[in-house]
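Quick note, the sequences are listed as chains S and L, same order. No gaps in the numbering here: position 298 of the first sequence is 297 in numbering that gives the first Met the number 0, and each next residue is one more. No gaps in the numbering here: position 258 of the second sequence is 257 in numbering that gives the first Met the number 0, and each next residue is one more. Using N, Cα and C, we set each Cβ at its ideal position, and we do this for glycine too. What follows is a short report on a single structure.
There are 2 protein chains.
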Amino acid sequence: MSIQFQIEATRGPARLGKLTTAHGVIETPVFMPVGTVATVKGVSQDVLEELGVQILLGNTYHLYLRPGVDVVRRMGGLHGFMSWNRPTLTDSGGFQVFSLNELRKVTEEGVTFRSHLDGSSHVFTPESAMAAQIGLGADIIMAFDECTEYPAERERARASMELTVRWAARSKTYFDEHKDEVPWRSSRFSVLSSQNDGSSFTTENWEPGTGNCPTQALFGIVQGGMDRELRRESALRTVEIGFPGYAIGGLSVGEPREVTHEIVASTLEHLPEDKPRYLMGVGTPDEIAVYAKMGVDMMDCVLPTRAARHGLLFTSEGKISIKQARFAQDEGPLDPACSCRVCSRYSRAYLRHLYAANELLAQVLNSIHNLSFYLDTMRRVRAEMAGYDIHPPKSKV
Amino acid sequence: MSIQFQIEATRGPARLGKLTTAHGVIETPVFMPVGTVATVKGVSQDVLEELGVQILLGNTYHLYLRPGVDVVRRMGGLHGFMSWNRPTLTDSGGFQVFSLNELRKVTEEGVTFRSHLDGSSHVFTPESAMAAQIGLGADIIMAFDECTEYPAERERARASMELTVRWAARSKTYFDEHKDEVPWRSSRFSVLSSQNDGSSFTTENWEPGTGNCPTQALFGIVQGGMDRELRRESALRTVEIGFPGYAIGGLSVGEPREVTHEIVASTLEHLPEDKPRYLMGVGTPDEIAVYAKMGVDMMDCVLPTRAARHGLLFTSEGKISIKQARFAQDEGPLDPACSCRVCSRYSRAYLRHLYAANELLAQVLNSIHNLSFYLDTMRRVRAEMAGYDIHPPKSKV
């Protein structure tokens, strides 16, 4: 067993669910903050817990280069390495390698690329990407895929999609043969479990080394560019290989938002209803709410933290640029509707000052607020669904 | 009334005390972290509270330039501006202006200097430095002084010391005439008080606008270079002007540590025993413990946070450079004897990774630990004194 996914309510295509992983239960739809190299930039793990982060994403490409898979594996995987006992997910490295542009070469076997750090040459194949992700030990890992560039000719998009399907099959084969090697299936797992906050259903009943101990879950990724027919084919062929969850990749690569929306909608139709659906690398707070209502269960995006570092803050009153002079003497909270530790304590004037003075604390506090705003957005989506379909509103009881 | 200082125990020249200010009681000897522009770099105010920071230092020069005194004053002073309701102290700007080297010109009237930010020209006089510090509203503020360069000829050191004495008198005159203008003596003060955590003796009995409401406390500064006789004369003449506390300035400016030690020791002899003594801008953890045992009550230093940002960490096992490869797979805590939130949760391997990857969180976590180490050092000094002179060791009861 890898994960369990239980749908507790639906509202149109949207689903309220519980995704049970080796390190705990995730309420879906869920937003997953990005912790590129085993850290969400500027935000400590205890603050992430306080914010209600349910699952963290790590980037295999970055972790593979630094600190290296072996270092992470020896410390019990990402959970032990970064002292994070809630669920985690790693991408396959495919998207990051895709982003390297001039530094990569794709063949049937895999991708040869040069490190953005020192120019050293490396190869990712479906097999080596799985080995890396098994060593990193995230609860959910991703098949190795090729992210099709945008724009792409139809034949190019088809070839790329078909390569991704073949790589998905190889990823699954390698994973099935090696899934017992995940670092927390060793005796070390019991050490980690004892530090768990109890949110996991798994720690009490599992015996390390027996079938009771869960494995990682490998998700397949649908590609196919901006072509609905290719997306359909990719979805069907990926589902045919069979995974416990499916991702929609290759979006937010430069296409207009309407196209993203259309491709997401049409692809979701071809994914099984009883499996979690993960839309990779999107979007603004408004967009993640929309995608959740379309039936997406999981999303990640660097936007909240990246925007925060540039002083762009999401609030219930819209996006603001905290560097603007109009905030210099604004004693009000960043977002009056937000109860995060930043909005409860600091004024816009103080946040504006920290940003203008290029202070570290600006990046820290801005990141905390933006993450809080994303997590609140998804909490509201879940509460709405729970209210409509499970718990009647209190006034009607 | 500005402050009250009560000595609760002595051990040789060392003193265990309670310093009561408008925003709370400080146990001395105390280490004061530096929050240059109203932020301790990378560390949020709630973490500072958790670390047990009793009093924060701000730099008048930096705050005067950015965000400007008016902005801070309108928000209730530093306490309101940075949402910090424990005691604060500002320096006079003299030391920072001194550090500008080529950018300043000293006359009897004051110092003309150019901003390190934009080259704009400004003047600090004893009067304008007081006005700035009254606007910033720290609980303890400092007379405007000239920090004598090192090395200096004796005549140069004498002239500089005498200038500082004349400036001290002018500082006091201006302060006495304007001390009611501190922002928290207005109605705003009651707002601030209601947010207070209750550690202050002052909030219950004070009525804003009456004599019951405390003022800031202005401390004098002893100069005199590395000349014991000049230091003696500076101390006597500063004490003659009369302040509720005295600082030893002009040290840690390049002189050997033995000289610092000698000047501190000889200057302390000439300072009144019933007033708090503040040694400015020192030192390593070992040094601050030594100075406390010599009879210094208050110290500040940027070293814990500055060193942290360079990966230099103070531990019970000595100073370490976390960037070293030998920590890459070290699963142990940074300092096994430390119970701070960094040492309780993260491994040296993780901290080394964060630093090597140039991650924001490295600076945040390193700063938290180093501050914790400094604060623990001073807590131990206080506990020792309390144990010897007030509370007999439990085994002897």
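Asked, Found
"Proximity to Ser-82/S [Cα-Cα], best of Glu-48/S, Arg-113/S, Gly-92/S", "Glu-48/S"
"Val-42/L versus Arg-308/L, Lys-274/L, His-61/L, residue with shortest Cα-Cα distance", "Arg-308/L"
"Within chain L, the residues that Glu-330/S reaches when beta carbons sit closer than 7 Å", "Met-74"
"Pick from Val-380/S, Ser-366/S, Gly-386/S, Ala-385/S that is closest to Val-46/S, judged by C-alpha positions", "Ser-366/S"
"CB-CB length for Leu-278/S against Tyr-245/S, believed under 8 Å", "Not a contact, Cβ separation roughly 10 Å."
"Own chain partners of Ser-34/L with C-beta closer than 6 Å, once the 5 adjacent residues on each side are dropped", "The residue you asked about is not Ser; residue 34/L is Gly in the sequence shown. If we look at Gly-34/L and ignore the five residues flanking it on each side, its Cβ neighbours are Leu-55, Gly-57."
"8 Å contact criterion, which His-177/L and Ala-130/L should meet: CB distance rounded", "7 Å"
"Pair within 9 Å by beta-carbon distance, Pro-125/L and Tyr-173/L", "yes"
"is_contact[Pro-213/L, chain S] using C-beta, thresh 9 Å", "no"
"Test: Ala-385/L CB closer than 9 Å to a CB of chain S", "no"
"Rounded separation between Phe-112/L and Arg-85/L - CA only", "32 Å"
"Ser-338/L versus Ser-338/S - alpha carbon distance", "29 Å"
"Endpoints, alpha helix (DSSP H) assigned at Pro-458/S", "With chain S covering only 0 through 396, there is no way to say anything about residue 458/S."
"Rounded straight-line distance, which links the Cα of Met-160/S to that of Gln-222/S", "5 Å"
"Interface residues of chain L facing Met-81/S [CB-CB closer than 7 Å]", "Tyr-349"
"Where Ile-2/S falls, given that 16 or more other Cβ within 10 Å makes a residue buried", "buried"
"Interface residues of the segment 356–369 of chain S facing chain L [CB-CB below 9 Å]", "Ala-356, Glu-358, Leu-359, Leu-360, Ala-361, Gln-362, Val-363, Leu-364, Ser-366, Ile-367"
"Sequence-distant residues of the same chain with beta carbon closer than 7 Å to Glu-7/S, five excluded per side", "Leu-15, Gly-16, Lys-17, Ile-389"
"Alpha-carbon to alpha-carbon, Pro-213/L and Phe-200/L", "With a pLDDT of 36 at Phe-200/L, under the threshold of 50, the modelled position of that residue is not reliable, and the figure given next carries that caveat. Taking the straight line from one Cα to the other gives about 11 Å."
"Residue interval of the alpha helix (DSSP H) (run including Lys-171/L)", "153–177"
"Short Cβ contact (9 Å threshold) for Asp-144/L with Gly-93/L", "yes"
"Distance CB(Leu-364/S)-CB(Leu-374/S) smaller than 9 Å", "no"
"Under 7 Å by beta carbon: chain S residues contacting Ser-43/L", "Leu-360, Val-363, Leu-364"
"8 Å contact criterion, which Ala-142/S and Ile-220/S should meet: CB distance rounded", "5 Å"
"Own chain partners of Lys-274/S with C-beta closer than 7 Å, once the 5 adjacent residues on each side are dropped", "Phe-4, Pro-243, Gly-244, Tyr-245"
"Cβ separation of Leu-267/L and Pro-12/L, assumed to be a contact under 8 Å, to the nearest whole Å", "7 Å"
"Nearest residue (CA-CA) to Glu-316/L, options Glu-26/L, Glu-257/L, Asp-285/L, Cys-146/L", "Asp-285/L"
"Contact the segment 341–359 of chain L vs the segment 20–38 of chain S: 3+ CB pairs below 8 Å", "yes"
"7 Å CB neighbourhood of Ala-291/L in its chain, flanking five on each side removed", "Ala-13, Pro-28, Met-377, Val-380"
"Assumed close pair Ile-139/S, Thr-20/S - CB separation to whole angstroms, cut-off 8 Å", "7 Å"
"Under 9 Å between C-beta atoms of Pro-137/S and Thr-106/S", "The sequence given here places Ala at residue 137/S; Pro does not occur at that position. No, Cβ-Cβ distance for Ala-137/S and Thr-106/S is not below 9 Å."
"Boundaries (first-last residue) of the beta strand (DSSP E) holding Val-70/S", "Note, Val-70/S: premise wrong, no beta strand (DSSP E); alpha helix (DSSP H) at 68–73."
"Nearest-angstrom Cβ-Cβ length linking Met-298/L and Phe-30/L, presumed shorter than 8 Å", "6 Å"
"Helix, strand or coil at Gly-456/L according to DSSP, with G and I counted as helix", "Here chain L covers residues 0 to 396 and nothing more, so residue 456/L does not appear."
"Ser-313/S - DSSP class collapsed to helix/strand/coil", "First, the residue type needs correcting, since residue 313/S is Phe and not Ser in the sequence shown. It is a strand residue."
"Contact list for Ala-397/S against chain L, beta-carbon separation under 8 Å", "No statement about residue 397/S is possible, as the shown extent of chain S runs from 0 to 396 and does not include it."
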